[in-house]
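S.K.: Got a structure for you, questions after.
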Amino acid sequence: MKIIMLGAPGAGKGTQAKKIADKWQIPHISTGDIFRANIKNGTELGNKAKEYMDKGLLVPDELVVDLVVDRVKQEDCVNGYVLDGFPRTIPQAEALDAALNAIGEKVDYAINVEVPDENIINRMSGRRACVACGATYHIVHIPTKVEGVCDRCNAQLILRDDDKPETVKKRLDVYHEQTQPLIDYYTEKGVLVEVDGTVEMEEVFGAIVKILGE
Numbered sequence: 052m053k054i055i056m057l058g059a060p061g062a063g064k065g066t067q068a069k070k071i072a073d074k075w076q077i078p079h080i081s082t083g084d085i086f087r088a089n090i091k092n093g094t095e096l097g098n099k100a101k102e103y104m105d106k107g108l109l110v111p112d113e114l115v116v117d118l119v120v121d122r123v124k125q126e127d128c129v130n131g132y133v134l135d136g137f138p139r140t141i142p143q144a145e146a147l148d149a150a151l152n153a154i155g156e157k158v159d160y161a162i163n164v165e166v167p168d169e170n171i172i173n174r175m176s177g178r179r180a181c182v183a184c185g186a187t188y189h190i191v192h193i194p195t196k197v198e199g200v201c202d203r204c205n206a207q208l209i210l211r212d213d214d215k216p217e218t219v220k221k222r223l224d225v226y227h228e229q230t231q232p233l234i235d236y237y238t239e240k241g242v243l244v245e246v247d248g249t250v251e252m253e254e255v256f257g258a259i260v261k262i263l264g265e
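The sequence shown begins at 52 in the numbering used here and counts up by one.
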């Protein structure tokens, strides 16, 4: 079962990807993890990626696809995998399809976790992070015992720049411009399925389980 997770930043696709991976005993693969592993192990692809990253440049699509395909060819992916955070653009999706086709594989499901922008902005702007130990909370969903103070170490909590409404809005604009077309792309391929990401986390997962089958 080869699955791609789609959804805006803050939609909860990473959480659902982990749950799918646990239930079906398949790897949860993020491009960030692939980059880190290849760079740490000093692989040829990792060294190439590092050259771009060290210069503050984006790693080219072709190299990202090579890294992803190299990862999905590994033994632990024989029963499938969940790709989280890739592809992000149509060229990446096309390159991935071509590379998978060359090894006789294809994407089985593209799962879109659908959450309106307004919900995401409210959800992310409610996050709070501890300046000392890094623990994360939410003023509505995971409140601290004392407002603004970490339960673990009593340090001050902050609203990170990444979670500020104006920053989240910018990230969503980029998502809609670059990644939203993927929804049309995978719809045409007949593999797109959508789940309502505004309900409780377990309900979202329940909907995914129904789609994928027990």
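Just so it is clear, CB atoms sit at the ideal spot from N, CA and C, and this is done for glycine as well.
All figures in this text were calculated on a predicted structure; none of them were measured in a lab.
Taking the alpha helix (DSSP H) that T218 falls in, what are its first and last residues?
M.R.: Start and end: 216-229.
S.K.: Helix, strand or coil for N163 per DSSP?
M.R.: N163: strand per DSSP, three-state reduction.
S.K.: Using a Cβ-Cβ cutoff of less than 6 Å, which residues in the same chain neighbour T82 once the five nearest sequence positions on both sides are dropped?
M.R.: Contacts found: G136, F137.
S.K.: State the DSSP-derived secondary structure class of V120, mapped to helix, strand or coil.
M.R.: In the structure shown, V120 sits in a helix (DSSP, three-state: H, G or I).
S.K.: Would you give the residue range spanned by the beta strand (DSSP E) that L134 belongs to?
M.R.: Segment 132-135, the beta strand (DSSP E) holding L134.
S.K.: Using the rule of at least 16 other Cβ atoms within 10 Å of the residue's Cβ for burial, across every protein chain shown, is R203 buried or exposed?
M.R.: It counts as exposed.
S.K.: Give me the DSSP bridge partner(s) of K261.
M.R.: Beta-bridge pairing links K261 to no other residue.
S.K.: If you follow the alpha helix (DSSP H) that D73 is in, where does it begin and where does it stop?
M.R.: Per DSSP, D73 belongs to the alpha helix (DSSP H) from 64-75.
S.K.: Could you give the DSSP three-state label for I154: helix, strand or coil?
M.R.: It is coil, neither helix nor strand.
S.K.: According to the Cβ coordinates, are V34 and Y132 closer than 8 Å?
M.R.: Here the chain covers residues 52 to 265 and nothing more, so residue 34 does not appear.
S.K.: Take the Cβ of M104 as the centre, count every other Cβ of all protein chains shown within 10 Å, and call the residue buried at 16 or more, exposed below.
M.R.: Looking at its Cβ environment, which holds fewer than 16 other Cβ atoms inside 10 Å, M104 is exposed.
S.K.: Output yes or no for whether 8 Å exceeds the beta carbon distance between D168 and A146.
M.R.: Cβ distance not < 8 Å, so D168 and A146 don't count as in contact.
S.K.: If you draw a straight line from the C-alpha of V191 to the C-alpha of G177, how long is it?
M.R.: Cα-Cα distance, rounded: 7 Å.
S.K.: Let me confirm a value: R179 is counted as buried when at least 16 other C-beta atoms fall within 10 Å, else exposed. Which label applies?
M.R.: When all chains shown are included, R179 counts as buried.
S.K.: Count the other CB atoms, across all protein chains shown, that sit within 10 Å of the CB of D214; report buried if there are 16 or more and exposed otherwise.
M.R.: It is buried - the Cβ of D214 has at least 16 other Cβ atoms within 10 Å.
S.K.: If you follow the alpha helix (DSSP H) that T82 is in, where does it begin and where does it stop?
M.R.: Unbroken alpha helix (DSSP H) run through T82: 82-91.
S.K.: Which residues share a DSSP beta bridge with I54?
M.R.: BP columns for I54 point to V133, Y160.
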